[in-house]
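Trainee: Got a structure for you, questions after.
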Amino acid sequence: MSSDARLRQARRRARSAKGRFEWQDPLWPAQVTILTTILLGLALPERLTIGAPWTLPAIEAVLFVALIVTTPHPPLREIPGRRQLRIALVALVSAVNVVALLLLVEILLDGGRADAKPLLLGGVDLWLTAVLLFAVWFWELDRGGPVRRLLTDDRNPDFVFPQMEERDFFPGDDDWRPGLDDYLYLSLSNAASLTPPENTVPLTITARLLLAIQTLASLTTFTVILSYAINNLH
66 MSSDARLRQA RRRARSAKGR FEWQDPLWPA QVTILTTILL GLALPERLTI GAPWTLPAIE
126 AVLFVALIVT TPHPPLREIP GRRQLRIALV ALVSAVNVVA LLLLVEILLD GGRADAKPLL
186 LGGVDLWLTA VLLFAVWFWE LDRGGPVRRL LTDDRNPDFV FPQMEERDFF PGDDDWRPGL
246 DDYLYLSLSN AASLTPPENT VPLTITARLL LAIQTLASLT TFTVILSYAI NNLH
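End of the sequence shown = 299 in the numbering used here, gap-free, step of one.
Quick look at the structure:
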């Protein structure tokens, strides 16, 4: 297919998508998810936070408000700087979550017994936060992000979902695109069973690396929680 033909096809797809989704914001599910992770950060025990418990969540909240204020109109219009802001916010929340997990590991290695139950709940909080964050990472990675994924086919997928191959089971849905719920299921399955769903395949090195990092983080969290429970809850 020539470049002109690809361009015409992309324009037809964009017009079709705008007609079907002009009243929707494809970014709002991730915005709600990011807000949830910020709130989960506020629920962490003080021993698992850096500085005052409200400091980093306040910074994250400022970035989140900036995302909301800069929401494009119409929503099917990607602003490069805004996508970079989204990625920066997710990276910041992810870094905070990693540091909190390292603090929990440090407490376990020191043999601390104080506040055992709050720290165990904090470990569960960190695991849930990681599930949400990796779902957003997958959503942001695949085919260059949600807006580009919805409007064009100019990039190969990073993940293959069953709806993309089993057309006999999904008739009339040739233009199917994964939503955040699909990436959330992928993230939850990988975090809980330490392997992605059988019918969802990572195709790129980046996708496989992200899944591997999540598996390692989830395994570490499980080990810390179980070890701390065995050592302190008796």
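Positions of the beta carbon are idealized from the N, C-alpha and C atoms, including for glycine.
On a predicted model such as this, the values are computed, not experimentally measured, just so you know.
1) If you follow the alpha helix (DSSP H) that residue 172 is in, where does it begin and where does it stop?
2) Please go through the same chain and pick out, in chain order, the residues whose beta-carbon is closer than 8 Å to the beta-carbon of residue 150, but skip the five residues on each side of it.
3) Considering only residues of the same chain and omitting the five flanking positions on each side of residue 287, which have a CB-CB separation below 7 Å?
4) Tell me the DSSP bridge mates of residue 261?
5) Which of helix, strand or coil does DSSP assign to residue 267?
6) Report the rounded CA-to-CA distance for residue 241 versus residue 228, giving the unit in angstroms.
7) Alpha carbon to alpha carbon, how far is residue 284 from residue 112? Give it in angstroms, no decimals.
8) On a CA-only basis, which of 174, 148, 210, 118 is nearest residue 296? Give me that one, please.
9) Is residue 293 helix, strand or coil by DSSP?
10) Assign residue 287 to one of three DSSP states: helix, strand, or coil.
11) Mind reading off the beta-carbon distance from residue 205 to residue 152? Whole number of angstroms is fine, and I expect it under 8 Å.
Mentor: Put simply:
1) Within the sequence shown, residue 172 is the residue found at index 107, counting from 1. Unbroken alpha helix (DSSP H) run through residue 172: 145-174.
2) As a position in the sequence shown, residue 150 is number 85, starting the count at 1. Within the same chain, residue 150 has close Cβ partners 128, 131, 132, 135.
3) The sequence position of residue 287 within the sequence shown is 222, counting from 1. There are no such residues.
4) Mapped onto the sequence shown, residue 261 falls at position 196. Residue pairing of residue 261 in beta bridges, as defined by DSSP: absent, with no partner found.
5) The residue you call residue 267 lines up with position 202 of the sequence shown. Strand at residue 267.
6) Position 176 of the sequence shown, counted from the first residue, corresponds to residue 241. Position 163 of the sequence shown, counted from the first residue, corresponds to residue 228. Looking at the two C-alpha atoms, the distance is approximately 7 Å.
7) As a position in the sequence shown, residue 112 is number 47, starting the count at 1. As a position in the sequence shown, residue 284 is number 219, starting the count at 1. If you draw a straight line from the Cα of residue 112 to the Cα of residue 284, it is about 22 Å long.
8) In the sequence shown, residue 296 corresponds to position 231, counting from 1. Minimum Cα distance to residue 296 is reached at 174.
9) Residue 293 sits at position 228 when you count from the first residue of the sequence shown. Of the three classes helix, strand and coil, the one that applies to residue 293 here is helix, per DSSP.
10) Within the sequence shown, the letter at position 222 stands for residue 287. Three-state DSSP puts residue 287 in a helix.
11) The residue labelled residue 205 in the question sits at position 140 within the sequence shown. The residue labelled residue 152 in the question sits at position 87 within the sequence shown. The Cβ separation is near 6 Å, so the contact holds.
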